[in-house]
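Trainee:
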Amino acid sequence: MSKVIENKQAQVQEITEKFQNAASVVVVDYRGLNVAQVTELRKQLREAGVEFKVYKNTLTRRATEAVGLEGINDVLVGPNAIAFSNEDVVAPAKIINEFAKKNEALEIKVGIIEGTISSVEDVKALAELPSREGLLSMLLSVLQAPVRNFALATKAVAEQKEEQGA
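Just so it is clear: in the sequence shown, position 150 is 146 by the working numbering, and no numbers are missing.
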C-alpha cells in the first residue's frame, strides 16, 4: 500500500476514535471568520477541554459510517470544523453558540450529543442550559425549600404559643 493511503486510513481511524469517545460533537462552518477569530474560538474551546479540528470531508464521512452516524454526511460539504468534547457534554455547544452570536459568520451545522445526531436547534437548546454548577445550585434550592418552609412554620407556631402564654 502506498504511504498516502496508509496516512488516510490512519486519519480515518483517528476520527473514528474521536467520534466513539466523544460525549458531544459539534460541526460548524467557519467560512467568513478571520484568523484572529478562529484563534480566539480555538483558545476558548481548548480552555474548556474541547478539541477543535478541521478534517477532510471524505475522511470524516468514512469515520461516521464506521461508527453509524451516516446521518451527518449531508452537512459535510464545504469547509467544516469539528469540536469534540470527551467529558463535558454542554461545553462545545455553549462556547460555539456564544461565539456564533458575536460572529455571524460562524454557522452551527449539526451536533452529536451522547451518540445521538442532534439538529441545530437541539445544539442551541443545549447551549442555553445553565452550567453544571448552576444546575446543582437550582437543585439545592429546590431541596432546601421544604426544610426552609418547615422551619418558618415551626417558628410561627412557637411565636404564637409564646404570645398565648404571655
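Here a beta-carbon is modelled for each residue, glycine too, at the ideal position from N, C-alpha and C.
Assess, as a yes-or-no matter, whether the region 131 to 145 is touched by the region 80 to 100 under the definition of 3 or more beta carbon pairs within less than 8 Å.
Mentor: Result no; under three Cβ-Cβ pairs closer than 8 Å.
Trainee: Tell me which same chain residues have a C-beta within less than 7 Å of the C-beta of A44, skipping the five on either side of it?
Mentor: Answer for A44: D84, A87 and I91, listed in chain order.
Trainee: Please confirm whether F48 and A77 have their CB atoms less than 7 Å apart.
Mentor: Against a cut-off of 7 Å, the Cβ pair of A77 and F48 comes out as a contact.
Trainee: State yes or no: is the beta carbon of T112 nearer than 7 Å to at least one beta carbon in chain D?
Mentor: Although the question refers to chain D, the structure presented lacks it and comprises just one protein chain.
Trainee: Return the chain-ordered ranges of every alpha helix (DSSP H) run that is complete within the region 25 to 67 and spans a minimum of 4 residues.
Mentor: Listed in chain order, the complete alpha helix (DSSP H) runs (minimum 4 residues) inside the region 25 to 67 are 31 to 43 and 53 to 63.
Trainee: In angstroms, rounded to a whole number, what distance separates the CA positions of D70 and V23?
Mentor: Near 12 Å, if we compare the C-alpha coordinates of V23 and D70.
Trainee: Kindly give me the distance between the Cβ atoms of I113 and T56, rounded to whole angstroms, as I take these residues to be in contact under 8 Å.
Mentor: That belief does not hold up - the Cβ atoms of I113 and T56 are roughly 14 Å apart, past 8 Å.
Trainee: Whole-angstrom Cβ separation of A89 and L41, contact assumed at under 8 Å?
Mentor: So it is not a contact: roughly 11 Å between Cβ atoms.
Trainee: Considering only C-alpha positions, which residue in the set Q7, T35, V73 and V116 is nearest to V21?
Mentor: Checking every option, the nearest Cα to that of V21 belongs to V116.
Trainee: Would you report the Cα separation of G107 and Q16, rounded to the nearest angstrom?
Mentor: Each residue's Cα considered, the two are about 14 Å apart.
Trainee: Beta-carbon within less than 8 Å of E110's beta-carbon, same chain only, minus the 5 sequence neighbours each way: which residues are those?
Mentor: A19, S20 and V85, listed in sequence order.
Trainee: Using a 10 Å radius around the Cβ and a threshold of 16 neighbouring Cβ atoms, would you call K14 buried or exposed?
Mentor: Per the 10 Å Cβ criterion, buried.
Trainee: For A77, which three-state DSSP category applies?
Mentor: If DSSP states are grouped into helix, strand and coil, A77 belongs with the strands.
Trainee: Does the distance from the C-beta atom of R58 to that of V119 stay below 7 Å?
Mentor: Result no, Cβ atoms of R58 and V119 do not sit closer than 7 Å.
Trainee: Can you give me the start and stop residues for the alpha helix (DSSP H) that G111 sits inside?
Mentor: From DSSP, G111 is part of no alpha helix (DSSP H); its letter is neither H nor E.
Trainee: Using only alpha-carbon positions, find the residue among L37, K4 and P75 that is nearest to V50.
Mentor: With distances taken between Cα atoms, V50 lies closest to P75.
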